[in-house]
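Quick note on my numbering: the sequence shown kicks off at 3 and runs consecutively.
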Amino acid sequence: MTATPHTRRAEPEHLREFAAHRYAVMTTLHADGRPQMSLVQQHAHDGVLDVSLTAARVKTRNLRHDDRVTLMVLPDGTDRWVVAEGRAELSDTSAVPGDEVGQALARLYDALAGPHPDWDDYYRAMVDDRRLLCRIHVDHTYAGGA
C-alpha cells in the first residue's frame, strides 16, 4: 500500500470521497497527547465536514482543549483510504427545542438520513442529549491504497 504525498490543501477528489461516505473514523487528542478514535457519521459540503456530538463525550472534551481533528473514510470493497485534517468549530449545545443549534443539527440529520418523522420530538431529543454541531474546516487531505 503506497500513500500519496501529503497535500497542503483539501483536494476536491478527496473531499468527494467524504461526500460519498457517511461513516468516518474521527481522531481527536487527549490532553496528554494520546489519540482518541471514534466512529462518527459525517456530512461533507463546501470544504467542511459536519458531525453531531454530545457535550459529555470524550471527543467533545478533547476538541474543547485542542481543536485539531482528523477524519478517515475507508471506501467499501477497496483497500483505499482518504484522510481529512482540519480544525473543529463547536457550537453551543442545543438549549431550547428548535433553537439555532437544533435547526443546524436537523439540517445535518436530513442530509444524512432524510426527513425525520417528528421534528418536534427530534428538537426535544437534541436538548435532552445536550447535542452540538462540530464543523470541521478541512485544511488538507491525503489518500492511499493500492
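For every residue, glycine included, the Cβ atom is placed at its ideal position computed from N, Cα and C.
Limits of the beta strand (DSSP E) - the one that residue i falls within
i: ASP141; result: 133-146
Cβ-based burial, residue i [other Cβ within 10 Å; buried from 16]
i: HIS47; result: exposed
i: GLU19; result: buried
i: GLY35; result: exposed
i: MET39; result: exposed
i: ALA115; result: exposed
i: ALA5; result: Only weak support is given to the placement of ALA5: the predicted model assigns it a pLDDT of 48, under 50, and the question is left unresolved by the model.
Straight-line gap, residue i to residue j (C-alpha atoms, nearest Å)
i: VAL42; j: ALA97; result: 22 Å
i: HIS67; j: ALA33; result: 7 Å
i: THR95; j: LEU17; result: 27 Å
i: ALA22; j: CYS136; result: 19 Å
i: TYR111; j: ALA58; result: 20 Å
i: VAL129; j: LEU55; result: 12 Å
i: VAL75; j: ARG24; result: 9 Å
i: HIS118; j: SER93; result: 22 Å
i: GLU15; j: GLU91; result: 24 Å
Proximity test, residue i beta-carbon vs the ligand ADP heavy atom, cut-off 7 Å
i: GLU13; result: With respect to small molecules bound, the structure shown includes none, and the ligand ADP cannot be examined in it.
N- and C-terminal bounds of the alpha helix (DSSP H) containing residue i
i: VAL84; result: Counting along the chain, VAL84 falls outside any alpha helix (DSSP H), though it belongs to the beta strand (DSSP E) covering 83-92.
i: PRO117; result: No alpha helix (DSSP H) contains PRO117, which DSSP labels as neither H nor E.
i: ASP130; result: 121-130
Beta-bridge partners of residue i, as assigned by DSSP
i: ARG70; result: ARG89
Would you say the stretch 93-113 touches the stretch 122-132, given that touching needs at least three Cβ pairs under 8 Å?
yes
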